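Numbering (this note's numbering), first residue to last: 472 to 816.
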């Protein structure tokens with residue numbers, strides 16, 4: 472089975488945009504991520520900057536019938552969570568200017584978690600599109616949303632104009648439908664058929680931790696682990712994983728010296744992972760060691776084996792603790808698991 476990199480952080484990074492931070496608060500899926508006091512942890516290696524779209528870039532070549540339409544829209548068949556996915560608008564409507572609108576319908580996640588960017592040729596950069604205010608957009612879990620942007624065009628049926636776009640979802644799997652329209656400012660509105668894509672993410676399995684884990688001070692370690700399999704059609708270049716824990720009781724708190732965390736590494740056996748105390752609460756966290764290889768390719772799988780023990784000198788006043796594992800793709804939380812435990816003498 473091919474190995475793939477599972478890059479790891481010593482903390483959880485803040486979302487990449489202010490809008491993504493707001494979206495993180497409206498997600499309904501529990502994350503159980505540790506508090507990092509708002510600090511952004513550095514990655515173990517930089518993520519390469521994304522290249523601009525090529526001049527010939529069009530997602531899904533339109534058929535002869537579609538090519539004759541005044542407006543055509545296409546997007547990738549799969550939209551892996553946390554990754555930018557290509558989309559394209561092709562204008563053939565005879566107009567000098569107008570407004571393109573994208574109406575979104577989601578199933579399984581909130582449209583507030585969707586980001587859309589447009590490539591601006593003049594400035595050679597990607598620009599965020601603002602979410603439109605739509606009916607029901609004040610709901611805690613809206614399933615309809617929209618984006619729009621103005622265009623200056625010399626398009627015609629004989630000379631179409633291509634507008635590169637990209638979009639991503641930051642929440643949960645499901646399906647996303649997009650209907651594109653173009654209003655030319657003179658009372659004419661052209662619409663493209665709805666395009667629907669599957670929103671996906673790698674499959675993560677947490678194993679080995681019992682429902683009522685009991686750790687004995689100075690006793691044997693509890694084995695556990697996680698397996699990440701990339702079930703999407705895209706490589707994940709910046710997967711990260713983190714273990715975190717805390718425990719309090721009788722005015723005492725667990726510290727990094729009270730827990731012993733180890734990871735099994737090929738050719739080395741069990742290796743201790745240093746736990747680092749949080750700067751703003753009594754918790755602690757540890758970066759899991761990276762595996763060999765590069766990005767987690769489609770179909771590739773990575774398994775991490777861990778074990779946790781309580782040190783003999785752990786305070787007797789602390790009778791229980793809370794741990795967890797979190798997996799992220801870049802700035803986006805993909806999966807998390809709670810690992811509660813009791814501490815016995």
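Glycine included, each C-beta is placed from N, C-alpha and C at the ideal position. Since we're looking at a predicted model, the values are computed, not measured.
Cα-Cα separation between residue i and residue j, rounded to whole angstroms
i           : j           : result
residue 810 : residue 773 : 20 angstroms
residue 729 : residue 641 : 36 angstroms
residue 475 : residue 714 : Bear in mind that the predicted position of residue 475 carries a pLDDT of just 34, short of 50, making it too unreliable to give a figure here.
residue 599 : residue 637 : 10 angstroms
residue 596 : residue 633 : 16 angstroms
residue 583 : residue 555 : 16 angstroms
residue 749 : residue 755 : 5 angstroms
residue 744 : residue 790 : 23 angstroms
residue 741 : residue 580 : 40 angstroms
residue 709 : residue 548 : 22 angstroms
residue 666 : residue 550 : 12 angstroms
residue 613 : residue 739 : 49 angstroms
residue 770 : residue 761 : 19 angstroms
residue 611 : residue 704 : 31 angstroms
residue 594 : residue 635 : 14 angstroms
residue 702 : residue 643 : 14 angstroms
residue 658 : residue 546 : 27 angstroms
residue 680 : residue 576 : 38 angstroms
residue 669 : residue 768 : 18 angstroms
residue 585 : residue 544 : 17 angstroms
residue 498 : residue 603 : Only weak support exists for where residue 498 lies, its pLDDT of 32 falling under 50; the value from the coordinates is given anyway. Looking at the two C-alpha atoms, the distance is approximately 19 angstroms.
CB contact flag (residue i, residue j, <8 angstroms)
i           : j           : result
residue 784 : residue 716 : no
residue 777 : residue 695 : yes
residue 621 : residue 568 : yes
residue 654 : residue 660 : yes
residue 578 : residue 656 : no
residue 571 : residue 560 : yes
residue 562 : residue 626 : yes
residue 639 : residue 553 : yes
residue 753 : residue 782 : no
residue 677 : residue 779 : no
residue 697 : residue 775 : yes
residue 706 : residue 766 : yes
residue 699 : residue 727 : no
residue 624 : residue 566 : yes
Same chain, Cβ closer than 6 angstroms to residue i, five either side skipped, listed in chain order
i           : result
residue 690 : none
residue 806 : 675 and 798
residue 794 : 716 and 810
residue 685 : 813 and 815
residue 591 : 598
residue 503 : Caution applies to residue 503, whose pLDDT of 36 falls short of 50 and renders its modelled position unreliable; the value that the coordinates give is listed next. 795, 807 and 809.
residue 574 : 617 and 650
residue 683 : none
Cβ neighbours of residue i in the same chain (closer than 8 angstroms, five flanking residues each side left out)
i           : result
residue 722 : 788
residue 542 : 560, 561, 562, 563, 564, 651, 652, 653, 661, 662 and 663
residue 816 : 687, 688 and 787
residue 601 : 618
residue 757 : 481, 713, 714, 715, 732, 744, 745, 746 and 747
residue 628 : 539, 541, 563 and 565
residue 589 : 597, 598, 600, 620, 634, 635 and 636
Beta-carbon contacts of residue i that lie in its chain and below 7 angstroms, excluding the five residues immediately before and after
i           : result
residue 719 : 753 and 789
residue 631 : 561, 562 and 563
residue 808 : 677, 795 and 796
Original post:
What are the start and end residues of each continuous beta strand (DSSP E) run of 3 or more residues lying completely inside the region 732-814, in chain order?
Top reply: Within the region 732-814, the runs of beta strand (DSSP E) that reach at least 3 residues and sit entirely inside it are, in chain order, 740-743, 755-758, 772-781 and 791-800.
Original post:
Do the region 610-619 and the region 665-685 meet, that is, are 3 or more Cβ pairs less than 8 angstroms apart?
Top reply: By the Cβ criterion, the region 610-619 is not in contact with the region 665-685, since fewer than three pairs of Cβ atoms, one from each stretch, lie closer than 8 angstroms.
Subject >> the region 793-808 touching the region 734-751, judged by at least three CB pairs closer than 8 angstroms >> reply: No, the region 793-808 does not touch the region 734-751.
**OP:** Let me know the alpha helix (DSSP H) ranges lying completely inside the region 660-702, each 4 residues or longer, listed in chain order.
**Re:** As far as the region 660-702 is concerned, it has no whole alpha helix (DSSP H) run of at least 4 residues.
**OP:** Return the chain-ordered ranges of every beta strand (DSSP E) run that is complete within the region 549-628 and spans a minimum of 3 residues.
**Re:** Taking 3 residues as the minimum length, the beta strand (DSSP E) runs contained wholly in the region 549-628 are 549-551, 556-562, 568-578, 585-591, 596-599 and 615-623, in order along the chain.
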